[in-house]
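Protein chains in written order, with this note's numbering: chain A, 31 to 781; chain B, 2 to 122; chain C, 6 to 174. No residue lacks a Cβ here, since even glycine has one placed at the ideal position from N, Cα and C. Input: a single structure, listed below in structure tokens.
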Amino acid sequence: MDAMAAIRKTFFEECEEQLAELESGLMAMNEGTADRETVNAVFRAVHSIKGGAGAFKLTDLVAFAHTFETTLDYIRSDRLVATPDAMHVMLRAADVLADLVRLSRTGEPISASIWKQLAQDLEVLNPIEGASNAPSNAALAISVASSDDYQLNGGNEDFAPAMIDIGDFEMSDGIPDPVQNVFNISFRATPALYEKANEPAFLFREFRRLGTAEINCRIDELPDFTSHINFGSHLHWDIHLTTEHPIADVRDVFDFVDGDCELDIVDVTPVSPADDEVVVTSDIDTRDEPVTKAETPSGATDALSEAPAVMAGVALATGLPVGLQDHKDKHESAREVAGGTTGAPSSSTIRVELERVDRLINLVGELVINQAMLAQRMIGAGFPSSSPVMLGVDELEQLTREIQESVMAIRAQPVKPLFQRMSRIVREVSDATGKTVRLKVDGEATEIDKTVIERLADPLTHMIRNAVDHGIESAEKRATAGKPVEGTVRLSAAHRSGRVVIEISDDGAGLNRQRILEKAKSKGLVPPDAILTESEIDNLLFLPGFSTAETISNISGRGVGMDVVRRSIQALGGRISISSTPGKGSVFSMSLPLTLAILDGMIVSAAEQTLVVPLTSIVETFKPPRETVHSLGPNASVVKIRDTFVPIVDVGHRLGFTTTPRIDRESVAILIETECGNRHALLVDGIQDQRQVVIKSLETNYGAIEGIAAATILGDGRVALILDVEAAVCATGSKLGHSVSANPSAGALLQ
Amino acid sequence: MSKIILTIDDSRSMRDMLRLALSETGFEVVQAIDGVDGIEILKGCNPDVIVTDINMPRMDGFGVIEAIRKDPLKRTIPILVLTTESDAAKKLRAKEAGATGWIIKPFDPVKLVAAINRVTA
Amino acid sequence: MNLSSQNAYDIANSAARQPAQIEVVAFRVGEQEFCIDIMSVREIRGWTQATSLPHVPDYVRGVINLRGTVLPVIDLAVRFGGASCKGSARDVIIVTQIGSQVVGLLVDGVSDILTIGRNAIQQTPNVASELAEIFVKGLIALDGRMISLIDLEDVLPKAMLEPSTAKPA
Numbered sequence: 031m032d033a034m035a036a037i038r039k040t041f042f043e044e045c046e047e048q049l050a051e052l053e054s055g056l057m058a059m060n061e062g063t064a065d066r067e068t069v070n071a072v073f074r075a076v077h078s079i080k081g082g083a084g085a086f087k088l089t090d091l092v093a094f095a096h097t098f099e100t101t102l103d104y105i106r107s108d109r110l111v112a113t114p115d116a117m118h119v120m121l122r123a124a125d126v127l128a129d130l131v132r133l134s135r136t137g138e139p140i141s142a143s144i145w146k147q148l149a150q151d152l153e154v155l156n157p158i159e160g161a162s163n164a165p166s167n168a169a170l171a172i173s174v175a176s177s178d179d180y181q182l183n184g185g186n187e188d189f190a191p192a193m194i195d196i197g198d199f200e201m202s203d204g205i206p207d208p209v210q211n212v213f214n215i216s217f218r219a220t221p222a223l224y225e226k227a228n229e230p231a232f233l234f235r236e237f238r239r240l241g242t243a244e245i246n247c248r249i250d251e252l253p254d255f256t257s258h259i260n261f262g263s264h265l266h267w268d269i270h271l272t273t274e275h276p277i278a279d280v281r282d283v284f285d286f287v288d289g290d291c292e293l294d295i296v297d298v299t300p301v302s303p304a305d306d307e308v309v310v311t312s313d314i315d316t317r318d319e320p321v322t323k324a325e326t327p328s329g330a331t332d333a334l335s336e337a338p339a340v341m342a343g344v345a346l347a348t349g350l351p352v353g354l355q356d357h358k359d360k361h362e363s364a365r366e367v368a369g370g371t372t373g374a375p376s377s378s379t380i381r382v383e384l385e386r387v388d389r390l391i392n393l394v395g396e397l398v399i400n401q402a403m404l405a406q407r408m409i410g411a412g413f414p415s416s417s418p419v420m421l422g423v424d425e426l427e428q429l430t431r432e433i434q435e436s437v438m439a440i441r442a443q444p445v446k447p448l449f450q451r452m453s454r455i456v457r458e459v460s461d462a463t464g465k466t467v468r469l470k471v472d473g474e475a476t477e478i479d480k481t482v483i484e485r486l487a488d489p490l491t492h493m494i495r496n497a498v499d500h501g502i503e504s505a506e507k508r509a510t511a512g513k514p515v516e517g518t519v520r521l522s523a524a525h526r527s528g529r530v531v532i533e534i535s536d537d538g539a540g541l542n543r544q545r546i547l548e549k550a551k552s553k554g555l556v557p558p559d560a561i562l563t564e565s566e567i568d569n570l571l572f573l574p575g576f577s578t579a580e581t582i583s584n585i586s587g588r589g590v591g592m593d594v595v596r597r598s599i600q601a602l603g604g605r606i607s608i609s610s611t612p613g614k615g616s617v618f619s620m621s622l623p624l625t626l627a628i629l630d631g632m633i634v635s636a637a638e639q640t641l642v643v644p645l646t647s648i649v650e651t652f653k654p655p656r657e658t659v660h661s662l663g664p665n666a667s668v669v670k671i672r673d674t675f676v677p678i679v680d681v682g683h684r685l686g687f688t689t690t691p692r693i694d695r696e697s698v699a700i701l702i703e704t705e706c707g708n709r710h711a712l713l714v715d716g717i718q719d720q721r722q723v724v725i726k727s728l729e730t731n732y733g734a735i736e737g738i739a740a741a742t743i744l745g746d747g748r749v750a751l752i753l754d755v756e757a758a759v760c761a762t763g764s765k766l767g768h769s770v771s772a773n774p775s776a777g778a779l780l781q
Numbered sequence: 002m003s004k005i006i007l008t009i010d011d012s013r014s015m016r017d018m019l020r021l022a023l024s025e026t027g028f029e030v031v032q033a034i035d036g037v038d039g040i041e042i043l044k045g046c047n048p049d050v051i052v053t054d055i056n057m058p059r060m061d062g063f064g065v066i067e068a069i070r071k072d073p074l075k076r077t078i079p080i081l082v083l084t085t086e087s088d089a090a091k092k093l094r095a096k097e098a099g100a101t102g103w104i105i106k107p108f109d110p111v112k113l114v115a116a117i118n119r120v121t122a
Numbered sequence: 006m007n008l009s010s011q012n013a014y015d016i017a018n019s020a021a022r023q024p025a026q027i028e029v030v031a032f033r034v035g036e037q038e039f040c041i042d043i044m045s046v047r048e049i050r051g052w053t054q055a056t057s058l059p060h061v062p063d064y065v066r067g068v069i070n071l072r073g074t075v076l077p078v079i080d081l082a083v084r085f086g087g088a089s090c091k092g093s094a095r096d097v098i099i100v101t102q103i104g105s106q107v108v109g110l111l112v113d114g115v116s117d118i119l120t121i122g123r124n125a126i127q128q129t130p131n132v133a134s135e136l137a138e139i140f141v142k143g144l145i146a147l148d149g150r151m152i153s154l155i156d157l158e159d160v161l162p163k164a165m166l167e168p169s170t171a172k173p174a
């Protein structure tokens, strides 16, 4: 069922929003900055997840959400105090709830073990309340009137029964095994029933579904209209029902009006099988009293409309301006509405397929290129810059940029949900390590491209784990060092010169540089006699296979190191750096592009081709003096940079545009650093420019090409290729078959 | 003529489910995203029945019921609240506030329609 | 199975359910005349200098900017085993849609747009030519000219026929 599948998808999207709401609400409660509405929002989030989950029969999710909701309800109603301990349990519960949602979404089997324990923990929190306090149906107890007050079937001369014939009473021969129950029902509405917009006639209509009913409306209590207006409910009914349904079903008809009526249901089923005699109503129609007869339930209202006296009675009785005329008006105006404004309500957000946004972004990218081409041609055509045409072109450029920024902003999302996930990591790791760590978050509203956010989750998780596990010292060590026992991890995001900077800092012990260096040496990552600056030592962390903890803990994982983190960040066009102060802590700083559609690049020429080198991988550029370049075999050479030999990669040759690598007097070297920390000098013929370029896929119409990441279109309208630095230099290693570039610290080894 | 049902629920999936169940039965469906929105929509619309959630931001279901029951022009509109099985106390409170009836979530479309039919002509 | 008879089978088979006539765009490559189904032609444009691609077969001339789209250009003369077009102003790029990909074909010039009866398409004779075997679906004789109907699927390098699942960055 497609519609339900779509709703299911919506439900899980909503769950994510609710979980975020829950998380931030609980955090606020934990920080003591929550107000009543926060607590309500937290409750609503869990309640809403439960409600939807029920519709999709996600039983574990419903069960856990229910338990969670119950506890939150106690807090909401001030019956439970949100102590730090209680908050801790609830934060964990939010994590479990998130797990259950994700498992439910993917349809993975859910073991009750993942939530049972926490459900118990939650239940323990709940106040023990006496049965009297518990919500009970006792309050809804039906007020039972003695059946002696009534005489059935109009035997009493004091009242005139009004007959409403419900449904067709045909007893079909096809009805199997008719165990007929017979009930005498007396029903008296209180004014409250009408005030809640209930209508006895609609209720009685339900009897048609159940069986055969004879309904007598007793108006003997109607006040004398001539004397005075008397508010109150003056009608009551006697119903004789023959049905196959049990008494519970009969009671169910009155479910909505429970407490707003006097109801008495008496089972008068004969002990012997009832005969099929249909109750005869012959004498009633002849009476002068208000009597109506309707054939079908839908006619019931119309029938009543012909009984103004009765309705007047009701209207007066309730004191409400209720009347059938009113009803009709309502239908008429409703029809107008149906024709006009029956749409979804307006709201401040709309949901748009990501694909549409991306198409728009592409088009705007083309617009930018087109505008640049136009401007270039105008200049080429000799228009002076002060000419009206050129001024128009300038304005166009301004507008184009603004459009581009606005369109990019559509894909941008706040980092808040991502940061919220990190607070869970901090909780889990601090629990597992027995440390007390507080996560402080800053700049949650900072927006960044959706895809960047998605791909940041893993590296960020890893770094947060590291910060808690390795960064923050144990409570004893902290106490000894005169620090507060509670450690702090800060996570911040901010816009800085067209990029987003995300920082993770801890107030731990800082990096142990001596140990890092020793380890790097023992692992052969650096030569035994190497002398490195502090910053160089810190950056050893990013070398593949480096792990700072003496023992690899379960938390920070095995085999996943900062090298993987750095690779992920660089894959996003970002950079990561570290700084550390002994005894004060460490700061990891990531600088990320706002979008993946645009790249900061250096425009270079190589072998008569124009290429783009991503700025993120460039360390520096220089003109290598002839004497610093040394040949290593026939086709390989290295350049000496500050006492380090770095392999040279002739870009034109690497890409097959020239047959032999060469170094001209004019050649420019671009020192790049690969994701694994290797340094290479890319040799190009010259540097043209440095600017943002719009990334164009080569794969759409062609396919992947080794050494090329993508293409772009430059201001002159020509396609330029964007170099895949990683692949271009990795090919170096394999082609040279040399250990030189295979080792991350090749340069150092050559010393 | 088809009946007009105003649904008030802050959950998109619940709104979608209500719309699906109700429009399949031939009702006209008007939807509001919370209590405030619901009251706003009600100014230009006279639904035959209002189906409202209880827990909503801005104005909850109780607020909706109270507001409608105070409005001399709208007070006769039947209001069904969406409630979960476990909410006996909430059901009672909704009744006290003036709800006409209730629908237990997760709802069976047949029961939803039955509940609506129980309170409308 | 012999390729040319397979082609003939295809033509016969498809003729049964396709309209009796097709419209084709005829063009010259070197001394020969070829044609392709007009349905796969998006536009025809003049030659512009292409940006070379590394590590590609020699018949891939590079990529050009087609209103913001990076369009690969196949030099059909090289593809058919001949000498390259010079890339002069007289040369023409036929922009074609092949599957989900848009590809430019560099040819010496477009000569005609023709409506051809399906029954006028002859089976390719069984000649030992790579060109005939791989690319030519059938032959059309017209006013003393011979035009080869070519199958675009086979014109592309293999790598291009396996569209990457990767999304553009």
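Item to check | Under 8 Å by beta carbon: chain B residues contacting lysine 80 of chain A | outcome: Along the first sequence, one-based indexing puts residue 80 of chain A at 50. Under the 8 Å cutoff, chain B gives Thr85.
Checklist entry - Which full runs of the beta strand (DSSP E) of 3+ residues lie inside the segment 580-661 of chain A, going along the chain? => result DSSP runs (the beta strand (DSSP E)) wholly in the segment 580-661 of chain A: 605-611, 615-623, 628-636, 639-644, 648-652.
Next on the checklist: Give me the chain C residues within the contact set of isoleucine 743 of chain A, using Cβ-Cβ distance strictly less than 8 Å, ordered along the chain.
Outcome noted: Stepping through the first sequence from its first residue, residue 743 of chain A is reached at position 713. Result: Asn70, Gly73, Val75.
Checklist entry - Can you tell me whether DSSP reads aspartate 297 of chain A as helix, strand or coil? => result Along the first sequence, one-based indexing puts residue 297 of chain A at 267. If DSSP states are grouped into helix, strand and coil, aspartate 297 of chain A belongs with the strands.
Item to check | Three-pair Cβ contact test at 8 Å for the segment 424-432 of chain A versus the segment 401-410 of chain A | outcome: Yes, they touch.
Checklist entry - What are the boundary residues of the beta strand (DSSP E) that includes glutamine 406 of chain A? => result Position 376 of the first sequence, counted from the start, is the residue given in the question as residue 406 of chain A. Taken as a continuous stretch (DSSP letters only), glutamine 406 of chain A belongs to no beta strand (DSSP E), being part of the alpha helix (DSSP H) at 384-410.
Next on the checklist: Using CA atoms only, rank isn't needed, just tell me which of B:Ser3, B:Lys4, B:Asp35, B:Asp17 is closest to phenylalanine 108 of chain B.
Outcome noted: Counting from one through the second sequence, the residue named residue 108 of chain B turns up at place 107. With distances taken between Cα atoms, phenylalanine 108 of chain B lies closest to B:Asp17.
Checklist entry - Does the count of Cβ pairs from the segment 629-638 of chain A and the segment 655-674 of chain A closer than 8 Å reach three? => result At 8 Å Cβ cutoff, the stretches do not touch.
Item to check | Under 8 Å by beta carbon: chain B residues contacting asparagine 228 of chain A | outcome: Numbered from 1 along the first sequence, position 198 holds the residue referred to as residue 228 of chain A. Those are Pro79, Thr101, Gly102, Val120, listed as they occur along chain B.
Next on the checklist: Check whether chain A comes within 7 Å of aspartate 72 of chain B, counting only Cβ atoms and requiring the distance to be less than that.
Outcome noted: Walking along the second sequence from the start, residue 72 of chain B turns up at place 71. Cβ-Cβ to chain A under 7 Å: no for aspartate 72 of chain B.
Next on the checklist: Please classify lysine 134 of chain B as buried or exposed, where buried requires at least 16 neighbouring CB atoms within 10 angstroms.
Outcome noted: Limits of chain B in this structure are 2 at one end and 122 at the other, which puts residue 134 of chain B out of reach.
Checklist entry - If we cut at 7 Å on Cβ distances, does serine 14 of chain B have a partner in chain A? => result Numbered from its first residue, the second sequence carries residue 14 of chain B at position 13. Yes, contact with chain A.
Checklist entry - Quick one: what's threonine 266 of chain A bridged to in DSSP? => result For the purposes of this step, residue 266 of chain A is taken as the residue at position 236 of the first sequence. According to the sequence displayed, residue 266 of chain A carries histidine and not threonine. Residue pairing by DSSP places histidine 266 of chain A opposite A:Arg218, A:Arg248 in a beta bridge.
Checklist entry - Are the Cβ atoms of threonine 704 of chain A and valine 649 of chain A separated by less than 7 Å? => result For the purposes of this step, residue 704 of chain A is taken as the residue at position 674 of the first sequence. For the purposes of this step, residue 649 of chain A is taken as the residue at position 619 of the first sequence. No.
Checklist entry - To the nearest angstrom, how far is it from the Cα of leucine 641 of chain A to the Cα of threonine 690 of chain A? => result Here residue 641 of chain A refers to the residue found at position 611 of the first sequence. Here residue 690 of chain A refers to the residue found at position 660 of the first sequence. Distance between the alpha carbons of leucine 641 of chain A and threonine 690 of chain A is about 19 Å.
Checklist entry - What's the call for threonine 348 of chain A, buried or exposed, on a 16-neighbour Cβ count within 10 Å? => result Here residue 348 of chain A is taken as the residue at index 318 of the first sequence, counted from 1. Unreliable positioning characterises threonine 348 of chain A in this predicted model, as indicated by a pLDDT of 37, which lies under 50. A coordinate reading is not provided.
Next on the checklist: Let me see if you follow: with CB-CB separation under 7 Å, is asparagine 18 of chain C close to chain A or not?
Outcome noted: Mapped onto the third sequence, residue 18 of chain C falls at position 13. Its pLDDT being 49, under 50, asparagine 18 of chain C is placed unreliably by the model, and nothing is read from it.
Next on the checklist: Quick test of your reading: serine 522 of chain A and glycine 473 of chain A, contact by CB under 8 Å. State the CB separation rounded to the nearest angstrom.
Outcome noted: Here residue 522 of chain A is taken as the residue at index 492 of the first sequence, counted from 1. Here residue 473 of chain A is taken as the residue at index 443 of the first sequence, counted from 1. Indeed they touch by this definition, with Cβ atoms about 5 Å apart.
Checklist entry - Is it true that the segment 495-505 of chain A meets the segment 454-470 of chain A, where meeting means three or more beta-carbon pairs spaced less than 8 Å apart? => result Verdict: yes, contact present.
Item to check | Selected residue, minimal CA-CA separation from glutamate 274 of chain A, among A:Arg122, A:Glu51, A:Lys670, A:Gln210 | outcome: One-based indexing of the first sequence puts residue 274 of chain A at position 244. The shortest Cα separation from glutamate 274 of chain A among A:Arg122, A:Glu51, A:Lys670, A:Gln210 belongs to A:Gln210.
Checklist entry - Are any of the Cβ atoms in chain C nearer than 7 Å to that of isoleucine 700 of chain A? => result For this step, residue 700 of chain A is matched to residue 670 along the first sequence. With 7 Å as the cut-off, isoleucine 700 of chain A does not count as an interface residue toward chain C.
Item to check | Host beta strand (DSSP E) of methionine 151 of chain C (start-end) | outcome: Here residue 151 of chain C refers to the residue found at position 146 of the third sequence. DSSP places methionine 151 of chain C inside the beta strand (DSSP E), whose first and last residues are 150-155.
Next on the checklist: I want to verify the contact list: residues of chain B whose CB lies under 7 Å from the CB of phenylalanine 41 of chain A, in sequence order.
Outcome noted: Counted from its first residue, the first sequence places residue 41 of chain A at position 11. Against chain B, a Cβ distance below 7 Å from phenylalanine 41 of chain A picks out Ser14.
Checklist entry - In three-state DSSP terms, what is phenylalanine 41 of chain A? => result Walking along the first sequence from the start, residue 41 of chain A turns up at place 11. Phenylalanine 41 of chain A: helix per DSSP, three-state reduction.
Item to check | Enclosing alpha helix (DSSP H) for glutamate 99 of chain A [first to last residue] | outcome: The residue given as residue 99 of chain A occupies position 69 in the first sequence. 89-106 is the extent of the alpha helix (DSSP H) around glutamate 99 of chain A.
Item to check | Which residues DSSP lists as bridging alanine 146 of chain C, in chain order | outcome: The residue given as residue 146 of chain C occupies position 141 in the third sequence. In the DSSP assignment, alanine 146 of chain C is bridged to C:Met151.
Item to check | Inter-residue Cα distance where the pair is aspartate 117 of chain C and leucine 147 of chain C | outcome: Working through the third sequence from its first residue, we reach residue 117 of chain C at position 112. Working through the third sequence from its first residue, we reach residue 147 of chain C at position 142. Straight-line spacing of the CA atoms in aspartate 117 of chain C and leucine 147 of chain C works out to 12 Å.
Item to check | From C:Asp113, C:Val46, C:Pro59, residue whose alpha carbon lies closest to that of glutamate 36 of chain C | outcome: For this step, residue 36 of chain C is matched to residue 31 along the third sequence. Of C:Asp113, C:Val46, C:Pro59, the residue nearest in Cα terms is C:Asp113.
Checklist entry - Between alanine 168 of chain A and the rest of its own chain, which residues show a CB-CB distance below 6 Å, the 5 nearest in sequence each way excluded? => result By one-based count along the first sequence, residue 168 of chain A stands at place 138. The predicted model places alanine 168 of chain A with a pLDDT of 33, which falls under 50 and marks its position as unreliable; any figure quoted below should be read in that light. Taken in chain order, the list of residues that qualify is empty.
Item to check | C-beta neighbour in chain A for leucine 81 of chain C, strict 7 Å | outcome: Locating residue 81 of chain C in the third sequence gives position 76, counting from the first residue. No, because no Cβ of chain A sits closer than 7 Å to the Cβ of leucine 81 of chain C.
Item to check | chain A contact for proline 62 of chain C (CB, 7 Å cutoff) | outcome: Within the third sequence, the letter at position 57 stands for residue 62 of chain C. Chain A contact via Cβ: absent.
Checklist entry - Can you list the alpha helix (DSSP H) stretches of 4 or more residues lying completely in the segment 73-100 of chain B, in chain order? => result Contiguous alpha helix (DSSP H) elements confined to the segment 73-100 of chain B occur at 89-98, taking only those with 4 or more residues.
Checklist entry - Of all Cβ atoms in chain A, is any one closer than 7 Å to the Cβ of valine 107 of chain C? => result On the third sequence, residue 107 of chain C is found 102 positions in, with the first residue counted as 1. Yes, contact with chain A.
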